[in-house]
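Its first residue numbered 20, the sequence shown is counted upward by one per residue in my numbering. Using N, Cα and C, we set each Cβ at its ideal position, and we do this for glycine too. Because the structure is a prediction, the values reported are computed rather than measured. Below you'll find the structure, written out as structure tokens, and then a few comments.
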Amino acid sequence: MVIHYPLTLINKPIPLSFPNVPRRLPPPPLRRCHTLAFHNSGGGKGMKWFHEIELQVRDYELDQYGVVNNSVYSNYCEYGTHKLMDRIGFDADTIIAVTEISAKYIAPLRKNDKFLLKVRIYDYSACRLYFDNLIAKLPNEELIFRGKSTVVVLDKNHRPCRISPSMISKFNHFIML
Numbered sequence: 020m021v022i023h024y025p026l027t028l029i030n031k032p033i034p035l036s037f038p039n040v041p042r043r044l045p046p047p048p049l050r051r052c053h054t055l056a057f058h059n060s061g062g063g064k065g066m067k068w069f070h071e072i073e074l075q076v077r078d079y080e081l082d083q084y085g086v087v088n089n090s091v092y093s094n095y096c097e098y099g100t101h102k103l104m105d106r107i108g109f110d111a112d113t114i115i116a117v118t119e120i121s122a123k124y125i126a127p128l129r130k131n132d133k134f135l136l137k138v139r140i141y142d143y144s145a146c147r148l149y150f151d152n153l154i155a156k157l158p159n160e161e162l163i164f165r166g167k168s169t170v171v172v173l174d175k176n177h178r179p180c181r182i183s184p185s186m187i188s189k190f191n192h193f194i195m196l
């Protein structure tokens, strides 16, 4: 069914009316936390140096083109994160989960390449640790990969929780060495 309107109605402007919608309230003010999870008397947050682990590419990490598959690099980073946390002395019962990861692939690793995995905690908050990851090919330490990852500490119910005071003291002792 087609409705035809006279031509005179089409040329006249039609007034528009909008419903009366209340204005949006401003967001509540941000709460600021004045206490830090870690006390670092070294003048800055996190570690200034990298924890280094020497590894070698294994056959099953290669893709059909003979280079390390891009998903394997995140496994390397996670391995380095756990090794660093073990070296610091964090409890084996500590549950962590990766919440973010960013990666820059610079050059490929191939079969039997030896490489250096470098990991450090560059920043932290009450329940998160921020890691910097580098992979350099040996022997000349050519940069292959650069990544950053964020991990959150979880409680037994797998909910984010504050980093425990014992972990804080172990971290402070570790970075002072």
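Rounded separation between isoleucine 194 and aspartate 132 - CA only
Locating residue 194 in the sequence shown gives position 175, counting from the first residue. Locating residue 132 in the sequence shown gives position 113, counting from the first residue. When rounded, the distance between both Cα atoms is 31 Å.
Going by the CB atoms, is the gap between asparagine 152 and lysine 175 shorter than 8 Å?
The residue given as residue 175 occupies position 156 in the sequence shown. The residue given as residue 152 occupies position 133 in the sequence shown. Between lysine 175 and asparagine 152, the C-beta gap is not smaller than 8 Å, which leaves the two residues out of contact.
Reduced DSSP secondary structure (H/G/I, E/B, other) of isoleucine 125
By 1-based counting over the sequence shown, the position of residue 125 is 106. Coil at isoleucine 125, not helix or strand.
Round the Cβ separation of isoleucine 125 and arginine 165 to the nearest angstrom and send it over; I've been treating them as touching at under 8 Å.
Start at 1 with the first residue of the sequence shown, and residue 125 comes out as number 106. Start at 1 with the first residue of the sequence shown, and residue 165 comes out as number 146. Between isoleucine 125 and arginine 165, the beta carbon gap of about 7 Å places them in contact (Cβ cut-off 8 Å).
Do the region 85–94 and the region 136–148 make contact, defined as three or more Cβ pairs closer than 8 Å?
Result no; under three Cβ-Cβ pairs closer than 8 Å.
With 16 as the cutoff for other CB atoms within 10 Å, does isoleucine 163 come out buried or exposed?
Numbered from its first residue, the sequence shown carries residue 163 at position 144. When all chains shown are included, isoleucine 163 counts as buried.
Excluding sequence positions up to five away, which residues of its chain have a Cβ less than 6 Å from the Cβ of isoleucine 114?
On the sequence shown, residue 114 is found 95 positions in, with the first residue counted as 1. So the list reads Leu173, once near-sequence residues are dropped.
Between the alpha carbons of glutamate 80 and arginine 147, how many angstroms are there, rounded?
Reading the sequence shown from its first residue, position 61 is the one you call residue 80. Reading the sequence shown from its first residue, position 128 is the one you call residue 147. Near 29 Å, if we compare the C-alpha coordinates of arginine 147 and glutamate 80.
Within the same chain, show all residues whose beta-carbon is closer than 8 Å to that of threonine 169, passing over the 5 residues directly before and after it, in chain order.
As a first step, residue 169 must be located in the sequence shown, where it is residue number 150. Answer for threonine 169: Val117, Thr118, Glu119, Ile120, Arg147, Leu148, Tyr149, Phe150, listed in chain order.
For isoleucine 182 and alanine 122, believed in contact at Cβ under 8 Å, the rounded distance
Taking the first residue of the sequence shown as 1, we reach residue 122 at position 103. Taking the first residue of the sequence shown as 1, we reach residue 182 at position 163. In fact, because the Cβ distance is near 25 Å, the residues do not count as touching under 8 Å.
For leucine 128 versus valine 87, is the C-beta spacing smaller than 8 Å?
Here residue 128 is taken as the residue at index 109 of the sequence shown, counted from 1. Here residue 87 is taken as the residue at index 68 of the sequence shown, counted from 1. For leucine 128 and valine 87, yes; Cβs fall inside 8 Å.
Quick one, are the C-beta atoms of valine 171 and proline 179 less than 8 Å apart?
The residue you call residue 171 lines up with position 152 of the sequence shown. The residue you call residue 179 lines up with position 160 of the sequence shown. In this structure, proline 179 lies closer than 8 Å to valine 171 by Cβ.
For the beta strand (DSSP E) holding glutamate 97, just list the boundary residues, first then last.
Numbered from its first residue, the sequence shown carries residue 97 at position 78. Element bounds for glutamate 97: not the beta strand (DSSP E) but the alpha helix (DSSP H), 89–107.
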